[in-house]
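Worksheet for the structure shown next.
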Amino acid sequence: MPVHSREKKESNHEDMEVDFPEQDGSSTDEEDTVSSSVSEDGDTSEMDDEDCERRRMECLDEMTTLEKQFTDLKEQLYKERLSQVDIKLQEVMAGCAQEYLEPLANLQENMQIRTKVAGCRSHEESNWRLFSSGIYRELCLESVKNKYECEIQAACQHWESEKLLLFDTVQSELEEKIRRLEEDRHSIDITSELWNDGLHSRKNKKKDPFCPVKKKKPVVVSGPYIVYMLQDLDILEDWTAIRKAMASLGPHRAKVDVPPVKSDRHHHVARSEDGRLFYDNQWYCRGQAICINRKDEYPTSAIITTINNDEVWFKRLDGTKSKLYISQLQKGKYTIKHS
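Numbering follows UniProt numbering, with no gaps: position 195 of the sequence shown is 195.
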C-alpha cells in the first residue's frame, strides 16, 4: 500500500513539471490580445460619447414635447371640469340636478313620515289628556257626591237626635203636667167631698132643729195622745195648700200621699250651679270633653258649650249641636262621663 502511494506522488510531480512551459506560452498570447483590445476601445469610446450626446438630446426633446402635451391635457381637463362644475351649479340653482333631487326626495319622504308620527303622537296625547281629564272629572264628582252624602247623613243624625231630645222633653213635660193635674184633681176631690159633707150636715141641722143630735161616744185612748182643736175642713184646706206649695217647688219634691215605691230607673244626682254641672259626684265645666251614653245606642264624644239651669248644650265632633235636659240626666235616660 505505501509503495503505490509513493509512485502516484512521483507521477504527479512529473506531470506538474511538464505543464509549466505551456502556461508561459498562454500568458504571452493574452498580453497580445489585451493590447489589441485597448486600441479598439479607444476608438469605440469616442463613438459612444457622440451617440450618448445625440441620444440625450433626443430624450430631452421628447421630454419637452411630453411636458407640453401634459400641460395641454391638464389645461383641457381643467376647462372640462370647470365647465362640468358650472353646468352642475346651474342645475343646482335651477333645482333640477339629480344630486339635489334624490336627497331632497329622501328628505321629503322622511319629513312626511315624521309628520305622520308626530300627528299620531299628538293625537294620542290629546286622547290621553281627554281621558285623564275625564277621570279627574269623575273623581271630582265622586268626591262631591261623598261629601253630599256625608252632609245628608250628618243632618239626618242631627235631626234624629234633636227629635229624640224633643220627644223626651215633651214627654217629660207632659208627664209632669199630668202628674200635677192628677194631684190637683185628687186634692180638689177630697176638699169638695168634705165641703159637700159639711154643707149636707148643716142643711140637716137646719131642717131638723128639734131633732136631738146623736153624740159620738168618746174614744177611749190609752197613753198620751194629741187632741186637735181644729175642724176637719180646716185641716184639709191646710193640707191642700201644703201640697200645692210642694208641687210648685219642682220635680224633686217628695210625694206625701203616695207611698214610696221602688222605681225601675236609677235616679242620678244632677244639678247646675254657677255655670257648672254637678253629676254623680263630679263637676263638669264648659269646654270639657265628655262621653254621652244612651241605652241601645253607641256612645258619642262631645264638648260642653253651655250650661244653663235646666239644660246642657254640647257640640259633637261633626260640628252638630244638641242639648240635654238635667231631668233626663236625673232619670238616667242619658249618662255622661269625662272622656
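Where a beta carbon is used, it is the ideal one built from N, C-alpha and C, also for glycine.
Secondary structure of residue i, DSSP reduced to three states
| i | result |
| --- | --- |
| V269 | coil |
| L277 | strand |
| S133 | helix |
| L174 | helix |
| T96 | Here residue 96 turns out to be Cys, not Thr, going by the sequence shown. In this structure, C96 counts as coil in the three-state DSSP scheme. |
| L82 | helix |
| L89 | helix |
| L249 | coil |
| D264 | Here the model assigns D264 a pLDDT of 44, short of 50, so the residue's position is not dependable, and the following value carries that caveat. Reduced to three states, the DSSP call for D264 is coil. |
| A254 | Summary for A254: the model assigns pLDDT 43, below 50, so the residue's position carries little reliability; its value from the coordinates is reported in the next sentence. In the structure shown, A254 sits in coil (DSSP, three-state: anything other than H, G, I, E or B). |
Continuous alpha helix (DSSP H) stretch holding residue i: start and end
| i | result |
| --- | --- |
| K331 | I326 to K331 |
Limits of the beta strand (DSSP E) - the one that residue i falls within
| i | result |
| --- | --- |
| N293 | A289 to N293 |
| S301 | T300 to I307 |
| R286 | R286 -> no beta strand (DSSP E), and no H or E assigned at all. |
| E311 | E311 to R316 |
Paired residues, beta bridge with residue i - DSSP
| i | result |
| --- | --- |
| T335 | N293 |
| residue 340 | The chain is shown only over 1 to 339; residue 340 falls outside these bounds and no answer can be derived. |
| Q282 | Y279 |
Q | Inter-stretch contact (C-beta, 8 angstroms, three-pair minimum) for the region 319-329 and the region 149-168 | A | yes
Q. Can we say the region 75-87 touches the region 53-67, given the rule of at least three CB pairs closer than 8 angstroms?
A. no
Q: Could you say if the region 231-249 and the region 288-300 meet the contact criterion of at least three C-beta pairs nearer than 8 angstroms?
A: no
Q: Jot down the residue ranges of each uninterrupted beta strand (DSSP E) in the region 111-159, minimum 3 residues, whole runs only, in chain order.
A: none
**Q.** Three-pair Cβ contact test at 8 angstroms for the region 140-148 versus the region 297-312
**A.** no
(Q) Please give me, in chain order, every unbroken run of the alpha helix (DSSP H) with length at least 4 that falls completely inside the region 42-71. (A) none
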